[in-house]
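Student: Below is one structure. I have some questions about it.
There are 2 protein chains.
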Amino acid sequence: MTLTPLQQEFVLHFGEMGSRWGINRTVGQIYALLFISSAPLNAETITDALSISRSNTSMGLKELQSWNLVRLKHVPGDRRDYFTTPDDLWEIVRTLVSERKKREIDPTLTKLRELELQGPAGDDYAEARIAELREMIEMMTGFYAEMEKLETERLVKLMTFGSRIAGLIEKTGGMFPTLTKRK
Amino acid sequence: MTLTPLQQEFVLHFGEMGSRWGINRTVGQIYALLFISSAPLNAETITDALSISRSNTSMGLKELQSWNLVRLKHVPGDRRDYFTTPDDLWEIVRTLVSERKKREIDPTLTKLRELELQGPAGDDYAEARIAELREMIEMMTGFYAEMEKLETERLVKLMTFGSRIAGLIEKTGGMFPTLTKRK
DNA sequence: CTTAGATTTCAGAAATTTCTGAAATGACTG
DNA sequence: CAGTCATTTCAGAAATTTCTGAAATCTAAG
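This is how it looks when you write it as structure tokens:
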């Protein structure tokens, strides 16, 4: 398969960006290619579209699968595996956020709690700082847990009118007295 | 300077995590060390607390400065540079988010717009996909721009009562008619 | 059971990133 | 403006990550 110039440039860009994230260039390229392909692709096709080795493709796909970022499809009468990305961009974003949280945030939260449990270490400042950090992460993950429950439609509304919401808070003292009275 | 076991473990953890982000181990460790130190530290101190080379410390600090994650202080009568992290965790988070946006999101948005301007490339699916992605990123960065304006206090409220807000949207038809009538 | 894809694994090669020590630069002090 | 201390730069060394080709494994079909 030969890529159109548009595809080519898109794929290369995501390869570059991939490195700024935690993922490597090839994985970024594979993902980008699947993302802009209307039909599922098999490993062979990816391999020659990106001019990489077959084994590299295999590892890249494995990595993407471990992130839940690609879907496996089967074409009747063909026993090769075909891959796609979900059509729904929101689904993709949700997956991305949730996986990054799992890998980047959760282990840290666990570690911080662990450190706190080890009890007073005679280093008040460090202890206070760790507690403070843990509390902030807990607040943010708590918020995230709530957001996670919302359907796409409401999330879009929230984002589209985001800022007004904050102003709105001030006007809801009656509904949520604890909300405006706190602190 | 010798680290307490608590500091040691904290620093090592952030070194590890650093790699899962885009930053390297040493940079993560330097940041972690500054974060849990009550007073500003100079390069020499960091160098021997972490057992790394002086030049590595210099490069790490430079990197952290380019991220705006670290503040330079001066101790009267001492001409060495001293470094700290901001006391306010919210400030740190804001910086982090804004820098990551600048490095990870903005260049992609620019690239996508650029690709769209190159005009019809006879690849309808890819073009549609790119437009869709651009729109989503625009919505999210728009939302972010609004959030950025909020003071900490309101942000905390928003996060603490996050989920209820979404429910609230439904009840504000009178205030924001376009909000509930859309689509 | 055998054969023919298809995919995965893995050890080493290649590429990239990180780290170091030495030298260069900068900047304050007497 | 010479001397001292602090910081930065940089070329090469060391470490790590990524990639490849060959071999191993897996799976469906005959």
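As given, the protein sequences belong to chains F and B, one line each in that order.
1 is the number of the first residue of the first sequence in my numbering; add one for each residue after it.
1001 is the number of the first residue of the second sequence in my numbering; add one for each residue after it.
For glycine and all other residues, C-beta sits at the position ideal for the given N, C-alpha and C.
Establish whether the CB of His74 (chain F) and some CB of chain B are separated by less than 8 Å.
Tutor: no
Student: What is the residue span of the alpha helix (DSSP H) that Lys1149 (chain B) lies within?
Tutor: Asp1124 to Lys1149
Student: Using a Cβ-Cβ cutoff of less than 7 Å, which residues in the same chain neighbour Asn1056 (chain B) once the five nearest sequence positions on both sides are dropped?
Tutor: Thr1026
Student: If I'm right that Glu114 (chain F) touches Leu1089 (chain B) with Cβ under 8 Å, what's the distance once you round it to whole angstroms?
Tutor: Between Leu1089 (chain B) and Glu114 (chain F) the Cβ distance is about 20 Å, and since that is not below 8 Å, they are no contact.
Student: The alpha helix (DSSP H) spanning Arg100 (chain F) covers which residue range?
Tutor: Leu89 to Arg100
Student: With DSSP as the reference, label Asn56 (chain F) as helix, strand or coil.
Tutor: helix
Student: Quick check: is the beta carbon of Gln7 (chain F) nearer than 8 Å to any beta carbon in chain B?
Tutor: yes
Student: Since Leu1115 (chain B) is in the alpha helix (DSSP H), which residue starts that stretch and which ends it?
Tutor: Asp1106 to Leu1117
Student: Just the C-alpha distance for Pro120 (chain F) and Pro1107 (chain B), rounded to the nearest angstrom, thanks.
Tutor: 45 Å
Student: What's the call for Ser1129 (chain B), buried or exposed, on a 16-neighbour Cβ count within 10 Å?
Tutor: Before going further, note that residue 1129 (chain B) is Arg rather than Ser in the sequence given. Flag for Arg1129 (chain B) reads buried.
Student: Taking any Cβ of chain F, which residues in the region 1016–1027 of chain B have a Cβ under 7 Å from it, in chain order?
Tutor: Met1017, Arg1020, Trp1021 and Gly1022
Student: Can you name, in chain order, every residue of its own chain whose Cβ lies under 7 Å from the Cβ of Phe14 (chain F), other than the five neighbours on each side?
Tutor: Gly28, Gln29, Tyr31 and Ala32
Student: If we ignore side chains and look at the alpha-carbon of each, how far apart do Glu1153 (chain B) and Met1159 (chain B) end up?
Tutor: 10 Å
Student: Check the Cβ of Phe35 (chain F) against every Cβ in chain B and list those closer than 7 Å, keeping chain order.
Tutor: Arg1129
Student: Alpha carbon to alpha carbon, how far is Thr1084 (chain B) from Ile1036 (chain B)?
Tutor: 9 Å
Student: Using the three-state DSSP reduction, which class does Arg1080 (chain B) fall into: helix, strand or coil?
Tutor: In the structure shown, Arg1080 (chain B) adopts coil according to DSSP, grouped into three states.
Student: Gly22 (chain F) and Trp1067 (chain B) look like a contact to me (Cβ under 8 Å); what is the Cβ gap, rounded to whole Å?
Tutor: A Cβ-Cβ separation of about 16 Å leaves Gly22 (chain F) out of contact with Trp1067 (chain B) under the 8 Å criterion.
Student: Please say whether Ala43 (chain F) and Ser19 (chain F) have beta carbons closer to each other than 8 Å?
Tutor: no
Student: Indicate whether at least one CB of chain F lies closer than 8 Å to the CB of Met1001 (chain B).
Tutor: no
Student: Could you check which residue in F:Thr47, F:Ile46 and F:Arg94 has the C-alpha nearest to that of Lys149 (chain F)?
Tutor: Measuring from the Cα of Lys149 (chain F), the nearest candidate turns out to be F:Arg94.
Student: For the beta strand (DSSP E) containing Arg185 (chain F), list its first residue and its last residue.
Tutor: In the structure as shown, chain F starts at 1 and stops at 183, and residue 185 (chain F) therefore has no counterpart that could be examined.
Student: Given that a residue counts as buried once 16 or more other Cβ atoms are within 10 Å of its Cβ, and exposed if not, what is Thr2 (chain F)?
Tutor: It is exposed - the Cβ of Thr2 (chain F) has fewer than 16 other Cβ atoms within 10 Å.
Student: Nearest to Asp87 (chain F) by alpha carbon, out of F:Glu135, F:Asp81 and F:Ser38?
Tutor: F:Ser38
Student: Quick one: is Asp1123 (chain B) buried, meaning 16 or more other Cβ sit within 10 Å of its Cβ, or exposed?
Tutor: buried
Student: For Leu1006 (chain B) versus Ala126 (chain F), is the C-beta distance shorter than 8 Å?
Tutor: yes
Student: Report back the beta-carbon spacing between Leu112 (chain F) and Arg134 (chain F) to the nearest angstrom; my notes put them in contact at under 8 Å.
Tutor: Between Leu112 (chain F) and Arg134 (chain F) the beta-carbon gap is near 4 Å, inside 8 Å, which marks them as a contact.
Student: How is Leu1003 (chain B) classed by DSSP in three states: helix, strand or coil?
Tutor: In this structure, Leu1003 (chain B) counts as coil in the three-state DSSP scheme.
Student: Give the residues of chain B in contact with Met159 (chain F), contact being defined as C-beta atoms less than 7 Å apart.
Tutor: Met1139, Met1140 and Phe1143
Student: Compare the beta carbon distance of Thr1141 (chain B) and Ile1105 (chain B) with 8 Å and say whether it is the shorter of the two.
Tutor: yes
Student: With a threshold of 16 other CB atoms inside 10 Å of the CB of Thr110 (chain F), please say whether the residue is buried or exposed.
Tutor: exposed
Student: For Asp81 (chain F), tell me which candidate among F:Ile46, F:Met136 and F:Gln8 has the shortest Cα-Cα distance.
Tutor: F:Ile46
Student: Could you give the first and the last residue of the continuous alpha helix (DSSP H) run that contains Ile1023 (chain B)?
Tutor: Segment: none, Ile1023 (chain B) is in no alpha helix (DSSP H) and carries neither H nor E.
Student: For a cutoff of 8 Å on Cβ pairs, would you count Arg54 (chain F) as touching chain B?
Tutor: Chain B contact via Cβ: absent.
Student: Just to confirm, is the Cβ distance from Tyr144 (chain F) to Lys101 (chain F) under 8 Å?
Tutor: yes
Student: Name the residues in the region 1093–1110 of chain B whose C-beta lies less than 8 Å from a C-beta of chain F; which are they?
Tutor: Val1093, Arg1103, Glu1104, Pro1107 and Thr1108
Student: Based on the DSSP secondary-structure assignment, which residues constitute the bridge partners of Leu1041 (chain B)?
Tutor: B:Phe1083
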